[in-house]
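Residue numbers (our numbering), protein chains in the order written: chain A, 1 to 347; chain B, 348 to 694.
Quick reminder that beta carbons are idealized off the backbone N, C-alpha and C, glycines included.
Just so we're clear, the structure is a prediction, and the values are computed from it rather than from any experiment.
Below you'll find the structure, written out as structure tokens, and then a few comments.
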């Protein structure tokens with residue numbers, strides 16, 4: 001187990017999150033007692049990664065009945081609805097945010113609560129369950145991945161999809177960590193993942209702690225390594241998978257998938273079922289968040305471009321399903337045809 | 348004309364170069380009177396870009412007979428040879444370095460000099476000629492490119508290939524500047540080009556001065572824009588083209604070429620004939636320089652990775668000829684088959 005936590009509930013009513021903006025140079029935990037502050041933390045990327053922001057939203061909602069000064073059920077329920085809307089707006093692309101919120105709201109709506117205390121216990125209980133399940137699901141997903149990660153494997157990875165992107169383990173990097181825990185000799189190429197450098201900062205920090213051998217390389221170098229060295233597979237996470245298998249993930253995923261395809265390197269997407277959005281028929285309907293310009297013009301506080309440089313900063317891209325060799329889920333590995341085989345997961 | 352110079356000779360015996368390591372935040376000119384210092388400046392990337400380092404090496408050699416304290420021809424010739432070896436080692440991938448050195452050495456060898464003063468005039472004259480020709484060649488190359496850059500074109504560009512990469516104009520960015528000077532309404536996507544950010548720092552700085560509309564985007568975002576927007580063409584420079592049309596260029600070029608190919612976006616390589624190495628049968632024989640780790644672990648003085656993070660930092664990659672739609676040279680546009688049609692340039 002890592003010595004850090006990405007997100008956890010602190011009794012009687014705080015959400016504690018490691019501040020991923022200052023990693024790897026500082027290990028700082030922020031505590032939140034207000035759902036709007038949690039929403040802002042999601043927006044500012046204190047916490048990021050599809051599973052982690054699902055758990056963050058769930059704990060954010062759990063703060064409402066704990067701290068609500070009213071003891072009127074109606075008021076608390078209205079505050080819960082309001083908080084859910086604020087949280088839902090925090091980031092548009094990852095589906096886990098809405099998934100976790102809807103799961104808690106559905107539970108609230110179907111029950112007839114006798115007291116605010118009961119409501120509080122149920123909401124907090126469900127948030128804790130979401131967090132616990134996340135760890136179990138990730139471990140299960142990572143275990144299924146082992147048939148694809150052989151001893152000696154050289155793996156290309158994008159962004160951060162590890163314990164920092166989840167409650168623990170994470171998705172793609174979790175699978176890599178499990179391979180290492182099982183004693184497989186693996187080597188990982190981490191692309192740095194501009195603009196926010198989640199690969200260079202966060203995945204490197206995690207792999208150093210787990211003792212997994214790796215190298216950080218510039219995003220533009222991925223194809224060079226695939227063309228000139230033995231790379232066995234790529235494995236990435238995702239923020240939303242559409243019903244047809246199109247993948248929304250951190251900007252740069254599409255380039256990586258295309259160069260992998262061109263070099264006949266298998267390209268796997270690790271995805272908990274909660275990240276599959278069967279309501280999205282294809283990637284075309286997934287909103288791509290445009291993030292602030294300073295993420296491109298600056299690294300930390302260091303300005304890299306000239307003053308007044310215009311930038312484009314899409315946070316995600318869509319990788320069409322045809323580039324995906326298989327999806328790795330907690331229920332097993334899903335091969336094409338995706339339209340049909342992803343649907344089977346939910347039957 | 349830009350208000351800056353990349354490299355120029357200052358009488359009676361100094362090479363002046365803009366320090367590209369501190370652009371765009373500071374505009375500093377360094378002066379060199381020693382060829383070994385010029386070699387170090389090339390190595391440290393005070394000056395970079397294939398045509399510019401060719402001119403830098405030529406002026407570096409011209410320093411020898413100017414400052415040599417000996418008036419013995421033999422000694423000066425030996426010093427010239429020694430300086431040429433130091434300069435040749437400065438960077439292994441770009442062919443212009445050796446090309447410029449060999450051109451001056453050949454001239455020295457075929458002549459019977461009466462005095463060191465005569466030798467000095469001949470070497471300096473040839474270096475000046477190389478610099479002047481560079482501007483003419485680039486302008487000619489950029490003019491030929493105009494048939495490919497139509498009014499309204501949206502262009503993707505990698506690294507810096509402008510006046511800063513040459514004596515003036517440059518190659519790919521020179522073609523873009525000429526299109527703008529001719530009144531064409533164009534728009535340019537500059538990828539930032541990690542690790543040294545030549546796109547974000549240098550090309551952005553140049554285009555702001557010329558008034559060409561552009562946006563800087565992360566390297567990983569190129570495919571996203573090609574997939575979702577109208578991009579008419581990519582145009583890049585090169586550090587060496589092999590006889591079969593394989594292209595050595597700044598790391599990230601191969602990824603860009605592959606995503607362009609996948610999205611049916613024409614991919615053009617702007618190349619002065621001096622950058623074509625007919626002695627290299629294919630890209631496989633071109634040495635790829637591995638540069639220092641701190642270029643990946645740091646941006647400027649800011650450390651981005653955790654301590655003790657291992658990195659890979661290939662400065663260049665090879666783009667196989669099949670991804671190149673055409674080469675743009677000072678003699679015109681060259682289409683496949685490249686083996687045959689590149690050879691024709693030298694007949």
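Cα-Cα separation, residue i to residue j
| i | j | result |
| --- | --- | --- |
| residue 164(A) | residue 48(A) | 8 Å |
| residue 323(A) | residue 280(A) | 18 Å |
| residue 115(A) | residue 52(A) | 30 Å |
| residue 315(A) | residue 290(A) | 6 Å |
| residue 549(B) | residue 301(A) | 19 Å |
| residue 633(B) | residue 588(B) | 9 Å |
| residue 364(B) | residue 393(B) | 8 Å |
| residue 74(A) | residue 11(A) | 25 Å |
| residue 480(B) | residue 490(B) | 15 Å |
| residue 136(A) | residue 613(B) | 47 Å |
| residue 192(A) | residue 664(B) | 17 Å |
| residue 640(B) | residue 101(A) | 44 Å |
| residue 656(B) | residue 209(A) | 11 Å |
| residue 169(A) | residue 162(A) | 5 Å |
| residue 321(A) | residue 106(A) | 31 Å |
| residue 99(A) | residue 69(A) | 27 Å |
| residue 631(B) | residue 227(A) | 11 Å |
| residue 218(A) | residue 440(B) | 19 Å |
| residue 140(A) | residue 90(A) | 29 Å |
| residue 87(A) | residue 8(A) | 17 Å |
| residue 304(A) | residue 298(A) | 5 Å |
| residue 77(A) | residue 130(A) | 20 Å |
| residue 34(A) | residue 40(A) | 10 Å |
| residue 529(B) | residue 378(B) | 35 Å |
| residue 672(B) | residue 184(A) | 43 Å |
| residue 694(B) | residue 519(B) | 25 Å |
| residue 13(A) | residue 112(A) | 23 Å |
| residue 81(A) | residue 288(A) | 25 Å |
| residue 351(B) | residue 19(A) | 43 Å |
| residue 492(B) | residue 145(A) | 49 Å |
Cβ-Cβ distance between residue i and residue j below 8 Å
| i | j | result |
| --- | --- | --- |
| residue 578(B) | residue 503(B) | yes |
| residue 600(B) | residue 594(B) | yes |
| residue 591(B) | residue 629(B) | yes |
| residue 597(B) | residue 505(B) | yes |
| residue 401(B) | residue 362(B) | no |
| residue 160(A) | residue 272(A) | no |
| residue 474(B) | residue 405(B) | yes |
| residue 65(A) | residue 21(A) | no |
| residue 580(B) | residue 495(B) | yes |
| residue 235(A) | residue 257(A) | no |
| residue 552(B) | residue 684(B) | no |
| residue 455(B) | residue 409(B) | no |
| residue 255(A) | residue 570(B) | yes |
| residue 110(A) | residue 196(A) | no |
| residue 103(A) | residue 541(B) | no |
Outcome for residue i when other beta-carbon atoms lying within 10 angstroms are tallied against a minimum of 16
| i | result |
| --- | --- |
| residue 513(B) | buried |
| residue 214(A) | buried |
| residue 83(A) | buried |
| residue 125(A) | exposed |
| residue 690(B) | exposed |
| residue 354(A) | It is not possible to answer for residue 354(A), since the shown part of chain A is limited to 1 through 347. |
| residue 50(A) | buried |
| residue 584(B) | buried |
| residue 521(B) | buried |
| residue 497(B) | exposed |
| residue 609(B) | buried |
| residue 268(A) | buried |
| residue 586(B) | buried |
| residue 229(A) | exposed |
Integer Cβ distance of residue i from residue j, believed to fall under 8 Å
| i | j | result |
| --- | --- | --- |
| residue 500(B) | residue 533(B) | 5 Å |
| residue 176(A) | residue 188(A) | 6 Å |
| residue 385(B) | residue 403(B) | 6 Å |
| residue 658(B) | residue 212(A) | 15 Å between Cβ atoms; not a contact. |
Any beta strand (DSSP E) of 3 or more consecutive residues that is wholly inside the segment 498-566 of chain B
501-504, 534-538 and 561-564
Whole alpha helix (DSSP H) runs in the segment 373-413 of chain B with 4 or more residues, listed along the chain?
382-390
Closer than 8 Å, Cβ to any Cβ of chain E: which residues of the segment 21-42 of chain A, in chain order? Among the chains of the structure shown, chain E does not appear; the protein chains present are A and B.
Which complete beta strand (DSSP E) runs does the segment 254-340 of chain A hold, if anything under 3 residues is left out? 267-270, 316-319, 326-329 and 332-334
Enumerated in chain order, which unbroken segments of the alpha helix (DSSP H) with a length of 4 residues or greater are wholly contained in the segment 570-606 of chain B?
-> You should have found no qualifying run.
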